[in-house]
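Notes to accompany the following structure.
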Amino acid sequence: MDILLDFLSTTGFFQMTMGNFIMIVIGIFFIALAIIKDYEPLLLLPIGFGAIIGNIPSIAGMPLSVYDEGSVLSYLYFGVSKGIFPPLIFLGIGAMTDFSCMLSNPKLILLGAAAQMGIFATLIGALYLGFSPAEAGAIGIIGGADGPTAIFLASKLAPHLLGAIAIAAYSYMALVPVIQPPIMNLLTTKKERLIRMAPPRQVTVREKILFPVGALIITTLIAPGALVLVGMLFLGNLLKESGVTERLAETARTSLIDSVTILLGVSVGASTQAQTFLTPGSLLIFGLGAASFCVATASGVLFAKLMNLFLKEKINPLIGAAGVSAVPDSARVVQMVARKEDPHNFLLMHAMAPNIAGVLGSAVAAGVLWSVLGL
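Residues in the sequence shown are numbered from 1282 upward in steps of one, following the working numbering.
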């Protein structure tokens, strides 16, 4: 009987806490959202599964968790905690991205910039709630709706909040189809939602090749802290557009980004141990993240309406919502909302311009915050 009791004391059932149980349920919920609702399945499924892994209790002296020195998961988590995985994901994103839509109508870049207002508004809110400047900067970047950027900045400014920030960022990215439409409908009239835009112009191959080189130089001179993320993004894009490195571009946008996404998702999920994750601070981060995302969406839409006051050829203000950098989901949401009003109104390619600009905007904002708050 003593042997049986000793064995039972080493099982996860004996060590399980209510917090662990709650986090396992949340992990199952993420998996369900990924499979049933198809909400960011490439991210939510590994994160949800990782949350289950991270909350299976272990006994003392058995290094299993991401926080146990020498455990396998701690080595996987090294790529998250040291900011290695996000640049690799940006490399793959660059190899998948076509900047033509943005280059054909450069003024739409302003919408991507306007949507970054959510970052700085949330930073102020986090400071008001008592977070340190570095913590507030890491929390604010959630408003960029860019998971890799949020992870990268959190690893530099507030590593102890990385799990909560990453989960919040990816959760709101997955909920783009739920969060954005009510805000878009509230801030626009039916007449505005019916605006049709002229087809984008044809962009030359030379423009596509010159853009990543020129944009890298300009953006990183403005914000050197963005060098790693923006550099890898533009390298991936140049691999795609150069026409001479298709093999490398194909690897970056398929096997490389898929492998890194799995490792990042599982290790981030595994970092959400109840003992470190279920805290009042985490709840505040989720609340601030939601506010940040809503402010970013509203800022993009309202700035588009402001631009229309000065433009002869009006833009559909719905595309301002795509300024958050959840690529390409927020652009698809714009298309969905527009087609409810007019089934023959095609805004997807127009919405991709602020969507891609938002990726750049959030990376540059992260670089600025790192430069200002991390030194």
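A virtual CB, placed ideally from N, CA and C, is assigned to each residue, including glycine. Just so we're clear, the structure is a prediction, and the values are computed from it rather than from any experiment.
- Between the beta-carbon of I1566 and that of A1585 there is about 29 Å, and that puts the pair past the 8 Å contact cut.
- For P1635, the enclosing alpha helix (DSSP H) stretches over residues L1629 to L1654.
- By the Cβ rule, the segment 1637-1650 does not count as touching the segment 1616-1623, because fewer than three pairs are nearer than 8 Å.
- The alpha-carbon of M1478 is positioned some 28 Å away from that of L1514.
- Counting only runs of 4+ residues, the alpha helix (DSSP H) found wholly inside the segment 1386-1421 occupies 1390-1395, 1398-1409 and 1414-1421, in chain order.
- Burial check for V1486: the Cβ neighbour count within 10 Å stays below 16, so the residue is exposed.
- Less than 8 Å separates the beta-carbon of L1443 from that of I1432.
- Rounded to the nearest angstrom, the gap between the Cα atoms of L1537 and V1509 is 17 Å.
- Here DSSP, grouped into helix, strand and coil, assigns S1552 to coil.
- In the structure shown, D1349 adopts coil according to DSSP, grouped into three states.
- Pairing S1548 with G1360 gives a Cβ-Cβ distance under 8 Å.
- Between A1445 and S1573, the CB-CB gap reaches or exceeds 8 Å.
- Bounds of the alpha helix (DSSP H) holding P1367 are F1366 to M1377.
- Within its own chain, the residues whose Cβ lies closer than 6 Å to the Cβ of V1645, once the five positions on either side in sequence are excluded, are T1500, A1504 and A1507, listed in chain order.
- A buried status is given to F1311, since no fewer than 16 other beta-carbon atoms sit within 10 Å of its beta-carbon.
- Rounded to whole angstroms, the separation of the alpha carbons of F1302 and A1555 is 9 Å.
- Residues of the same chain with a CB within less than 6 Å of the CB of A1647, apart from the 5 flanking positions on each side, are I1422, T1430 and L1434 in chain order.
- CA-to-CA, the gap between V1353 and L1345 works out to about 7 Å.
- In the three-state reduction of the DSSP assignment, Y1320 falls in the coil class, being assigned neither a helical nor a strand state.
- Around the Cβ of L1520, a 10 Å sphere holds 16 or more other Cβ atoms; the residue is buried.
- Out of R1613, L1372 and V1541, the CA that lies nearest to the CA of L1323 is found in V1541.
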